[in-house]
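**Q** Per numbering that gives the first Met the number 0, residue 0 is the first one in the sequence shown, and the count goes up by one each step.
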Amino acid sequence: MSTANEYIESVLDGLRVRNPGELEFHEAVTGVLDSLAPVLEQHPVYRDAAILERVVEPERVVHFRVPWVDDEGKHHVNRGFRVQFNSALGPYKGGLRFHPTVSASIIKFLGFEQIFKNALTGQQIGGGKGGSDFDPHGKSDNEIMRFCQSFMTGLYPFIGSKRDIPAGDIGVGGREIGYMFGQYKRLVGSFESGVLTGKGLGWGGSLIRTEATGYGLVAFTREMLQTRGEDFEGQTVSVSGSGNVAIYSIEKLLSLGAKPVSFSDSSGWVYDSEGVDLDLLKEIKEVRRGRVSDYVKERPSAELHTDSSIWNVPVDVALPCATQHELNGEHARTLIKNGVKAVAEGANMPTDAEGVEVFEASDVLYGPGKAANAGGVAVSALEMQQNSARQSWSREDVADRLDKIMEDIHTQCVEASQKYVGRPDDYVTGSNAAGFVRVAEAMISQGAV
Ligand code: NDP
């Protein structure tokens with residue numbers, strides 16, 4: 000019989016042949032499978048039951064046309080996707096992304112990661128992801144509404160509270176979820192609050208869902224720092240992005256006494272020597288929907304950069320919260336040279352494969368996204384629980400549950416790392432192994448489906 004590594008390589012070869020050109024998907028699967036050799040050696044039954052071959056193949060992929068008409072009456076057509084990847088632990092659950100870079104490969108990479116992230120939360124949720132190559136930037140509110148209605152018209156036959164429950168991601172926030180929920184309700188003729196999460200607070204949403212990914216990321220990083228006897232008090236932190244995850248990471252960092260000094264969007268990045276003014280950032284991004292350059296105009300201590308990397312700033316902790324592949328090997332080496340102690344991913348796959356290798360070969364604490372940014376989906380699952388019980392839990396209650404879930408995820412990572420590689424701080428292997436084992440056990444119990 001071949002070794003575990005040879006078996007993994009053969010599964011990856013098959014994946015590349017069956018999914019040609021889907022580089023992000025290949026990278027995500029390679030990142031997970033490459034760390035699973037010790038797991039397969041300790042559980043030969045996973046190989047006998049072809050768990051790897053099954054887990055890399057989505058249960059269903061839906062690809063649909065999204066036609067819409069702009070304010071000038073011009074017709075446009077975008078592509079809609081939903082990948083229902085794995086339902087071993089519960090109904091498919093994962094966000095919708097609206098961004099011009101969305102493709103089958105991006106959605107499959109995100110859906111694959113989501114399986115193990117959701118497993119780590121300990122909730123009964125399977126993995127899925129969806130979205131469109133629609134670009135929301137510069138669109139009017141009416142154009143966003145018409146697009147969301149058309150998108151939901153294509154998606155609605157495939158979702159439901161026991162089947163598949165989408166949420167937000169890049170380009171999809173409370174406004175878009177509202178328009179999609181309205182269209183779903185109209186199409187099916189009933190108010191099914193459990194079909195989407197990230198809803199408004201007045202109609203089935205959960206307190207803390209907006210803040211959950213950022214708050215959870217900082218809680219996970221706090222747990223990592225604690226293993227080295229450190230906390231956030233007085234630490235300088237670089238955050239990238241200026242969307243949902245970045246803003247609420249900054250909010251939590253400030254509450255713990257840290258000093259966040261940067262943020263970014265696709266037009267550039269800002270360094271604020273006095274620490275980020277959160278009220279101003281929220282006003283610009285959440286109210287005015289402006290650019291990061293607007294912040295610099297109103298804040299003398301801030302500088303705008305467009306031709307260098309945000310990761311050149313010397314900091315104690317780095318939290319990439321924008322998008323995939325925003326931090327490469329060279330950035331990782333610069334961060335390490337400048338003395339970074341911990342890097343944790345708010346975004347999905349923000350660190351490229353070389354960057355991950357660089358962090359893994361160093362003694363920097365490196366928290367991969369599937370563990371570090373699981374707070375958002377965890378609170379989505381709490382929103383589903385509140386919807387099915389027709390309850391609304393208090394802010395403190397949801398915040399405490401989120402904090403406890405992030406602590407549990409951290410513990411699972413440390414224990415699995417210890418079990419499979421003999422040390423506690425390999426969070427890549429720890430998160431992949433802990434999530435994978437939970438899914439694999441459920442798949443075996445449910446037979447060859
Ligand atoms: P938002 O749309 O709210 O914000 C995204 C931010 O990233 C914006 O500031 C955006 O700038 C910036 N950005 C996007 N693409 C690029 C790019 N190519 N270069 C530079 N900046 C870019 O999204 P979220 O905050 O929700 O998501 C951010 C990341 O976190 C994503 O990877 C997402 O998958 C991940 N995530 C989100 C969760 C959630 O609950 N929302 C849960 C778990 C993970 P601009 O406006 O200029 O495009």
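Here a beta-carbon is modelled for each residue, glycine too, at the ideal position from N, C-alpha and C. Treat the numbers as computed from the prediction; the structure is a model and nothing was measured.
#1: Looking only at DSSP bridge pairs, what is residue 317 linked to?
#2: Based on the DSSP secondary-structure assignment, which residues constitute the bridge partners of residue 83?
#3: Reducing DSSP to helix, strand and coil, say where residue 301 ends up.
#4: Check for me: the beta strand (DSSP E) holding residue 455 runs from which residue to which?
#5: Say whether chain C places a C-beta atom closer than 7 Å to the C-beta of residue 133.
#6: So, at 8 Å on beta carbons, what are the nonlocal neighbours of residue 250 in its own chain, with the 5 sequence-adjacent residues on each side left out?
#7: Closer than 6 Å: is that where the CB of residue 286 sits relative to any heavy atom of the ligand NDP?
#8: Comparing alpha-carbon positions, which option in 204, 154, 57 lies nearest residue 114?
#9: Would the beta-carbon of residue 442 fall within 7 Å of that of residue 218?
#10: Helix, strand or coil: how does DSSP classify residue 95 here?
#11: State whether the segment 82–96 contacts the segment 42–52, with contact taken as three or more CB pairs (one from each stretch) at a distance under 8 Å.
#12: Assuming residue 104 and residue 190 are in contact, meaning their beta carbons sit under 8 Å apart, how far apart are those beta carbons, in whole angstroms?
#13: If you follow the alpha helix (DSSP H) that residue 396 is part of, which residue opens it and which one closes it?
#14: Using DSSP with H/G/I as helix, E/B as strand and the rest coil, what is residue 438?
#15: Quick one, which of 245, 331, 176, 389 has its alpha-carbon nearest residue 496's?
#16: On the premise that residue 248 lies in contact with residue 263, defined as a C-beta separation below 8 Å, what is that separation, rounded to the nearest angstrom?
#17: Starting from residue 67, follow its DSSP beta bridges and name the residues at the other end.
#18: Run the proximity test for residue 306: is its beta-carbon closer than 6 Å to any non-hydrogen atom belonging to the ligand NDP?
#19: Can you tell me whether DSSP reads residue 204 as helix, strand or coil?
#20: Any idea which residues DSSP pairs residue 350 with across the strands?
**A** To lay it out plainly:
#1: 237, 342
#2: 59, 127
#3: strand
#4: Within the shown structure, residues of the chain are numbered from 0 to 448, placing residue 455 beyond reach of any answer.
#5: Here chain C cannot be found, since the structure has a single protein chain.
#6: 210, 213, 214, 277
#7: no
#8: 57
#9: no
#10: strand
#11: no
#12: Going by Cβ atoms, the distance from residue 104 to residue 190 rounds to 36 Å, so no, they are not a contact pair.
#13: 394–420
#14: helix
#15: Because the chain spans 0 through 448 in this model, residue 496 falls outside it and cannot be assessed.
#16: 13 Å between Cβ atoms; not a contact.
#17: 75
#18: no
#19: coil
#20: 326
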